[in-house]
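Trainee: Before anything else, here's the structure in question.
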Ligand SMILES: [Zn+2]
């Protein structure tokens with residue numbers, strides 16, 4: 055291919071000066087105050103624009119149940135935190151989730 059124009063390091067660097075990726079825009083959650091990605095559900099409380107989208111407590115309990123079952127299937131020892139939870143009182147999803 056023919057050389058069309060003078061091409062310097064400076065021109066290349068100047069062009070590439072706009073290639074940087076901008077940081078993620080965060081805003082505080084109206085419900086719990088934790089920073090979350092704009093236009094997305096809050097990962098901590100499961101709300102979006104003041105509405106409850108996901109019941110976080112239910113989701114978390116399901117995930118823990120699945121992990122516990124998987125460990126049992128594989129013949130692994132239960133997690134130390136799980137043992138501690140079993141000793142203390144069981145989690146009450148209604149009291150813990152702040153669903154209105
Ligand atoms: Zn929140």
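Numbering (our numbering), first residue to last: 55 to 154. Ideal placement from N, C-alpha and C gives every residue a C-beta, glycine not left out. Model, not experiment: these values are computed from the prediction.
Between residue 98 and residue 81, what straight-line distance do the alpha-carbon atoms span, to the nearest angstrom?
Mentor: To locate residue 98, count along the chain shown from 1; it is residue 44. To locate residue 81, count along the chain shown from 1; it is residue 27. Near 13 Å, if we compare the C-alpha coordinates of residue 81 and residue 98.
Trainee: Rounded to a whole number of angstroms, what is the C-alpha to C-alpha distance between residue 151 and residue 70?
Mentor: Residue numbering aside, residue 151 sits at position 97 when the chain shown is read from its first letter. Residue numbering aside, residue 70 sits at position 16 when the chain shown is read from its first letter. Distance between the alpha carbons of residue 151 and residue 70: 48 Å.
Trainee: Please tell me whether residue 84 and residue 104 are closer than 8 Å, where the distance is taken between their beta carbons.
Mentor: Taking the chain shown and counting its residues from 1, one reaches residue 84 at position 30. Taking the chain shown and counting its residues from 1, one reaches residue 104 at position 50. Contact: yes.
Trainee: Within 7 Å: the Cβ of residue 93 and any heavy atom of ligand 1?
Mentor: For the purposes of this step, residue 93 is taken as residue 39 along the chain shown, with counting starting at 1. Residue 93 Cβ: outside cutoff for every heavy atom of ligand 1.
Trainee: My output table needs one value for residue 76: the three-state DSSP class, helix, strand or coil.
Mentor: The residue you call residue 76 lines up with position 22 of the chain shown. Residue 76: coil per DSSP, three-state reduction.
Trainee: Is it right to say residue 61 is buried, meaning 16 or more other beta carbons lie within 10 angstroms of its own, or is it exposed?
Mentor: Here residue 61 refers to the residue found at position 7 of the chain shown. Classification for residue 61: exposed.
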